[in-house]
Structure formats: C-alpha cells, structure tokens
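In the numbering used here, the protein residues as written are 1385 to 1933.
Ideal placement from N, C-alpha and C gives every residue a C-beta, glycine not left out.
For reference, the structure is listed below as structure tokens.
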C-alpha cells in the first residue's frame, strides 16, 4: 500500500485535526518512501536528501519557528503534525501535537511502514511527565498484549523522577506489542515502549517486532525480513558460518552492535563488553539471555554471594547494596546541583507560639463540631509563610541569569518523607486559602505521597518550600537545602518550653518557642530582605489572629 493511499484511508479523521490547526501554529511534514530520518523544517518548503531519497518539508502557518534543528526521528515513513511549542505531546487520530502544558497522556506517532508486512501502527513513546524528567521506569503494565484499548484507559504505570504516574491511552485500538515490560529501568523520554494498531487482525504481525538501539536512527526488523536476509547470506552447505562471520563483523565496532535494552543495561551493570558477546537473536542481536549465559560461564556457582569485604585492619565489613530508585537518583542530582550552584546563607529566629497553640485548640474545637480536619502547627506555619511572602515578594522568585523572576502566585511546597523517598507536593495559592482548606489539602497530598499516587499537578509549580522535622521527629533546629529553581526554603524545628525571667528578681514565667531557619539564595535575596521576611513571618506566628483577617 502506498503512502498516498494510506493517507486517504485516514482522511476521514483529518477534519477534527484541522480545527485544532486553525487555532495554533503547526507544521506538516510529508515524508517520501524509504526515508529513515524524518525532519520538520522552517517556514516555507524545502527538500532534504537522505542517501537516495528526498524528504519534502512544508510548513503551514508556522509563525514562530526560530531554527532548523532536527525535531524528531522515526524508523519508517509517515505523516506527522507537529506544533512548535515545548513540553507536552499528544496524538489525535494519528497526528502528533506538542504544546506547553504538562500531560500524563501517551506520546504517539503514526507510522506507515514501507515494509508490506507491517500495517499502519502507532509507536508509544516514554512521555515526559515532569519538567526535570529525562528518563523513566515501567512499574507495571495494566494492559496486556492483544488487549483492546480506548481513550482514557490506563495503559501502564510509569515511575518518574517525582512519583508513579498512570499513563493513559489517547486512541482506540489494540495493544500489539510491549517493547519494555514490567520493571524496565532508565528508559529515555521519547523512546518507544509499545506499539498499538487499529485492527485486531494486525496484532499478530508485530509478534517479532524489534526496535534497535544502534547509534543511528531507530530500526525496525520483522521475522520475515530477518529470515530473508539470512537466506541471501547463508550458502546451503554451511548455514552456521555466515552468522558467525556477521557477528564478528558487528563486534569489531561498538556502535554497530545490536542489542535489546535489557541486555545493554545488564551488560553495563556487570561491566561486560558487548563486543565479547555472540548474539543469538535475529540478525545477531544480543539478548538478555546471552548476557546471562556469559555471566554464568565466567562465574563458578557459589552457595551465597559475598557479603563482606576485608578492611585495612583485617576486620570484615558486613553490608547490603540497595539499588537506588529513580526518585532517589533525581533527588540526589538536584540537591547536589543546588549545593554546588546556589550560594546558600542561613537566618535563624526563635518565635514564641503560645498564642498560636491556643488559637489552634480553639479552631480544632470548631472543626470537631463541623466535622472538618484538625489543624496542625504546620498548617498554621504554611499560612504564615504564604502571608509573609505576600508582604515580602522578593523572597518569592527565581534566579534566571539575566533577570530575577518574581512570581505572582504563592505556591508552597510541603516536604513529605515516605518509604519511597522525599516528596514535595504543592499547596497552590496558599495565601488565598483558609486554614481548614490548607489542612485538608496537606493531609490528602501527604497520603497520596505515601501511597505513591501523586500526579504531576500535585507537585509542579511551587515557588517556596517548607520542611518540618520538628513536629514529626523532634529536631530542634536544622538548615535545609534550597529546592531549585526556588530561592528559599524554611526549616521548621520543634516547639519547646522555656523559662523566661519575670518582672522581679525572683519571678519567672514559661513560654513555648519554635525555632525556624530560612535558607536563602544570595543571588536573589539579600540578607536584609531575608531578615525582613523572617520578621513578617514571626509577626504572623506570634499574633496568629491576624492570619484570620
């Protein structure tokens, strides 16, 4: 089937896509047959020669295209709609759109293969589910190969740098092939994870579908193609020799070695050079089983893995290696980046909270009568933080190199420690919300964090962070690391009773004090500004009735 006839087959779906294209700039890129690299060009019409084929590029209503860089690559020719704005990708009736808001929808593109054995299909890519996400893990597939899928249904659970997110389907069809199965790790954003088709009868044709990880464009081979190429190479008398020669040729150059993602990952983890492995997969492709066989042949059977190493003093160290989750890796890299690039300084102040404690008791009595959530000291701290940011907006910004971005919204991230790592869900527009609303949202988000069910909208968009180790753990005072790109974070310690001198020499009184430390980015917040913010915060804490006005 030619590309023209395939496009006509899907022309009934173009009408809805045209309505979207009339509203925002878009680019139509048409591709000639047998072209392995697909590009989106700048405004106008251009031709690009790749080997012996042409790529024809036509831009429609493209009024903000600043460069001619490669937009994406595809392993087979097709037709894609591509909008030149960042961040979010989605596919409508086989047309791929990118736009600025975040999404948990699948990244798809319609592929019309030049191979007559492969019908039109959709390649589902690993989506970008947070601003900092560069790779993700497949926690588990909800749908199985052969299952029918409809728009809005959950396909799989993806472990991102922030949380585990459900990935939804956008088109009706059938899940023909799962490229990366349950537990697959470190999958790059945009890398193909599955294939869907429109017709149930097309599922069987993707049984042996493979995606190469070679240095060049993504390649797709089928069992029929592999067998055909082998027949052309193998003489009748010696069927094994050509395969050996081909494997040796491939092993001479690392960038020409074909291997599955799991095999490559297993080889990297065990420091096994792929050039030393003879692949048993199609066309000499190295499979996970090949790596496992190699490791088994190199290692004698041991009853138990070594658990101890001898130190310099002759003592044995008992240890267990715990694999790092994706969240742990990203948390480590971001905090390291923060300490290396942000000039931190710290301001500490003690605030008397006797009136705050009394107000909390009164409000909780009212909440108990009305059936609302009880307020914690941290809920009142969040409210005071937001109101202090309204008074001193210089602390509600980010360093942008050429300028300082000051946010009009006051969105407070709240640090929550769980068994899965540290999460920072966000209370949006906290300065405009009542204490009861803040208390309810904090409890809901904390529970979602502990259950690993946070959505991107639950943690994105924060402008300031509050970390409390006092209430849960009794930490008196500590200094927190700034959460980039924010410019400040408040570390809240525990409340403690202290003896204070009274009016006479033998008189004294008791007071409850809370120690807080403000970590500031000195590029954004000067010392006097940080002190001014702490004074405003202290005023709200020590006169809590003012937060109710």
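Could you name the residues of the same chain whose beta carbon sits closer than 8 Å to that of residue i, not counting the 5 residues immediately before and after it, in chain order?
| i | result |
| --- | --- |
| residue 1846 | 1795, 1796, 1797, 1808, 1810, 1867, 1870 |
| residue 1656 | 1650, 1675, 1678, 1679 |
| residue 1894 | 1881, 1882, 1883, 1884 |
| residue 1741 | 1761, 1879, 1896 |
| residue 1892 | 1883, 1884, 1885, 1886 |
| residue 1721 | 1868 |
| residue 1719 | 1865 |
| residue 1790 | 1777, 1778, 1780, 1781 |
| residue 1803 | 1834 |
| residue 1822 | 1763, 1766, 1767, 1811, 1814 |
Can you give the beta carbon distance from residue i to residue j, rounded, assuming they're within the 8 Å contact cut?
| i | j | result |
| --- | --- | --- |
| residue 1769 | residue 1848 | 7 Å |
| residue 1551 | residue 1504 | With 8 Å as the limit, residue 1551 and residue 1504 do not qualify as a contact, their Cβ atoms being about 22 Å apart. |
| residue 1806 | residue 1814 | About 20 Å; that fails the 8 Å criterion. |
| residue 1563 | residue 1519 | With a Cβ gap of about 15 Å, residue 1563 and residue 1519 do not count as contacting. |
| residue 1522 | residue 1566 | 6 Å |
| residue 1731 | residue 1915 | 6 Å |
| residue 1862 | residue 1875 | 5 Å |
| residue 1906 | residue 1727 | 4 Å |
| residue 1595 | residue 1576 | 5 Å |
What are the boundary residues of the beta strand (DSSP E) that residue i is part of?
| i | result |
| --- | --- |
| residue 1857 | Careful: residue 1857 lies outside any beta strand (DSSP E), inside the alpha helix (DSSP H) at 1854-1857. |
| residue 1724 | Unbroken run through residue 1724 is the alpha helix (DSSP H), 1710-1725; no beta strand (DSSP E). |
| residue 1885 | 1872-1885 |
| residue 1734 | 1728-1736 |
| residue 1558 | 1557-1562 |
| residue 1888 | No beta strand (DSSP E) holds residue 1888; DSSP gives it neither H nor E. |
| residue 1930 | Looking at the DSSP string, residue 1930 is not in any beta strand (DSSP E), and its letter there is neither H nor E. |
| residue 1702 | 1700-1702 |
| residue 1893 | 1892-1905 |
| residue 1529 | Here residue 1529 belongs to no beta strand (DSSP E), and DSSP marks it neither H nor E. |
| residue 1551 | 1548-1552 |
| residue 1800 | 1800-1802 |
| residue 1509 | 1505-1509 |
| residue 1806 | 1805-1807 |
For residue i, which residues of its own chain have a beta-carbon under 6 Å away from its beta-carbon, when the five flanking residues on both sides are left out?
| i | result |
| --- | --- |
| residue 1927 | none |
| residue 1637 | The pLDDT assigned to residue 1637 is 41, lower than 50, so where the model puts this residue is not dependable; a value taken from the coordinates is nonetheless given after this. Correct list: empty, nothing qualifies. |
| residue 1820 | 1756 |
| residue 1788 | 1781, 1908 |
| residue 1812 | 1795 |
| residue 1532 | 1558 |
| residue 1530 | 1587 |
| residue 1917 | 1772, 1776, 1779 |
| residue 1568 | 1522 |
| residue 1590 | 1560, 1561, 1579 |
| residue 1345 | Because the chain here runs from 1385 to 1933, residue 1345 falls outside it and cannot be looked at. |
| residue 1898 | 1735, 1737, 1879 |
| residue 1717 | none |
For residue i, is the beta carbon positioned less than 7 Å from some heavy atom of the ligand FAD?
| i | result |
| --- | --- |
| residue 1667 | By its list of ligands, the structure shown contains no ligand whatsoever, and the ligand FAD lies outside what it can speak to. |
From which residue to which residue does the alpha helix (DSSP H) around residue i run?
| i | result |
| --- | --- |
| residue 1843 | 1840-1843 |
| residue 1834 | 1819-1834 |
| residue 1519 | Per DSSP, residue 1519 belongs to no alpha helix (DSSP H); it is in the beta strand (DSSP E), 1519-1525. |
| residue 1541 | Per DSSP, residue 1541 belongs to no alpha helix (DSSP H); it is in the beta strand (DSSP E), 1538-1543. |
| residue 1677 | 1672-1682 |
| residue 1652 | 1645-1653 |
Leaving aside the five residues before and after residue i along the sequence, list all residues of the same chain whose C-beta is less than 7 Å from its C-beta, in chain order.
| i | result |
| --- | --- |
| residue 1857 | none |
| residue 1913 | 1776, 1778, 1779 |
| residue 1517 | 1544, 1545, 1573 |
| residue 1859 | 1853, 1877, 1878 |
Review point. If we count Cβ pairs, one from each stretch, closer than 8 Å, do we get three or more for the stretch 1662-1682 versus the stretch 1638-1653?
Key: As far as the Cβ criterion goes, the stretch 1662-1682 touches the stretch 1638-1653, which means the pair count is three or higher.
**Study point:** Contact between the stretch 1545-1559 and the stretch 1702-1715 (3+ Cβ pairs under 8 Å)
**Key:** Contact holds: three or more Cβ-Cβ distances are below 8 Å.
Review point. Can you find at least 3 beta carbon pairs, one from the stretch 1825-1843 and one from the stretch 1735-1747, that sit closer than 8 Å?
Key: Contact check between the stretch 1825-1843 and the stretch 1735-1747: fewer than three CB pairs, one atom from each, fall below 8 Å, which does not count as touching.
Review point. Hey, is the stretch 1524-1537 in contact with the stretch 1814-1832, meaning 3+ C-beta pairs nearer than 8 Å?
Key: In short, these stretches do not touch, since the Cβ pair count stays below three.
Practice item. Answer yes if the stretch 1914-1933 comes into contact with the stretch 1758-1774, meaning at least three C-beta pairs across the two stretches below 8 Å, and no otherwise. Key: Yes, they touch.
Check your understanding: In chain order, which continuous runs of the alpha helix (DSSP H) of length 4 or greater are located wholly inside the stretch 1751-1796?
Key -> As far as the stretch 1751-1796 is concerned, its whole alpha helix (DSSP H) runs of at least 4 residues are 1761-1775.
Practice item. Could you tell me which uninterrupted beta strand (DSSP E) segments, each at least 3 residues in length, are contained entirely in the stretch 1560-1594, listed from first to last along the chain? Key: Qualifying beta strand (DSSP E) stretches, in chain order: 1576-1581.
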